[in-house]
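This report concerns only the one structure given below.
Residue numbers (the working numbering): 37 to 324.
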């Protein structure tokens, strides 16, 4: 028994030592590997052959700047990931940071850790102005508006696959007698096209993503973003578990940037007129 306990303790300490070596690994490698989820504008997106851009990407760059103070001449490698594979890549040490519109929840925290929050939003729906009345009443506080005569409902709601919102709604529909079906899409753009082509009645995602998505529609004036939120979605940057020192480094970099004169202009770049409200919200709620 004594030998078993000693072996168990040795394995435990070995695992902790390995997990706590993020900064040392980056320093030895000379490169910080920044994973990102594409197609999540304004948080993270990229064109072929170019580095990614977006609000979350810029914050990950600030963390890389902080690492560079301890590891001069640090290189930065951007690695495109899927949402489903990104967390495994952090856990397996294939990437050091995962950036995008990434919601923090308990299930994901079994695999990865997270920085302090970088944004707060919630899920709503992108609707056509001739979408069924019951959906407009569910997601919009204003009066129902129809630009053309009422059309028959398809009873299909679209979502991006493997998101927290899709999982929540699927669970709710499973315990109800409902004729509504969920269609999964690999990208938000594919969901937008399905909505415009009337193959679905609504496309559900985080409201801040829908606002940006609607601007890329063939006819933005034919669409409306819901102003009722059905979920709570705090975003953060995913990090490796069991490395408090590296998380502290990330949080320090984010806090210093939030309190700097550069933060409000960055918010204005990505969120326009909403920037002052977002600035106050983040300073009040997310600065320790």
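Backbone N, C-alpha and C define an ideal beta-carbon position, used for all residues, glycine too. Note that this is a predicted model, so its numbers are computed, not measured.
Burial state of residue i (16 or more Cβ within 10 Å)
i, result
"residue 76", "buried"
"residue 168", "buried"
"residue 238", "buried"
"residue 250", "buried"
"residue 145", "exposed"
"residue 78", "buried"
"residue 243", "buried"
"residue 170", "exposed"
"residue 314", "buried"
"residue 287", "buried"
"residue 160", "buried"
"residue 196", "buried"
"residue 80", "buried"
"residue 295", "exposed"
"residue 323", "exposed"
"residue 317", "exposed"
"residue 279", "buried"
"residue 254", "exposed"
"residue 319", "exposed"
"residue 227", "buried"
"residue 149", "buried"
"residue 217", "exposed"
"residue 120", "exposed"
beta-carbon residue i near the ligand ZN non-hydrogen atom, thresh 7 Å
i, result
"residue 172", "This structure does not include the ligand ZN; it has no bound ligands of any sort."
Residues bridged to residue i (per DSSP)
i, result
"residue 164", "259"
"residue 270", "156"
"residue 71", "115 and 134"
"residue 139", "271"
"residue 150", "274"
Integer Cβ distance of residue i from residue j, believed to fall under 8 Å
i, j, result
"residue 221", "residue 194", "6 Å"
"residue 202", "residue 224", "About 12 Å separates the two Cβ atoms, so there is no contact after all."
"residue 107", "residue 88", "Not quite, the Cβ-Cβ distance comes to about 22 Å (not below 8 Å), so this is no contact."
Q: Counting only runs of 3+ residues fully inside the stretch 74-125, write out the beta strand (DSSP E) ranges in chain order.
A: 111-117
Q.
With a threshold of 8 Å, are at least 3 pairs of Cβ atoms found where one atom belongs to the stretch 269-285 and the other to the stretch 142-157?
A. yes
Q) Does the pairing of the stretch 61-78 with the stretch 132-149 give three or more beta-carbon distances under 8 Å? A) yes
Q.
So within the stretch 188-245, which uninterrupted alpha helix (DSSP H) runs reach at least 4 residues, ignoring any that extend past its ends?
A. 200-210 and 224-232
(Q) Could you tell me which whole beta strand (DSSP E) segments of length 3 or greater appear in the stretch 273-300? (A) none
Q: Report yes or no: do the stretch 95-102 and the stretch 279-294 share at least 3 C-beta pairs separated by less than 8 Å?
A: yes
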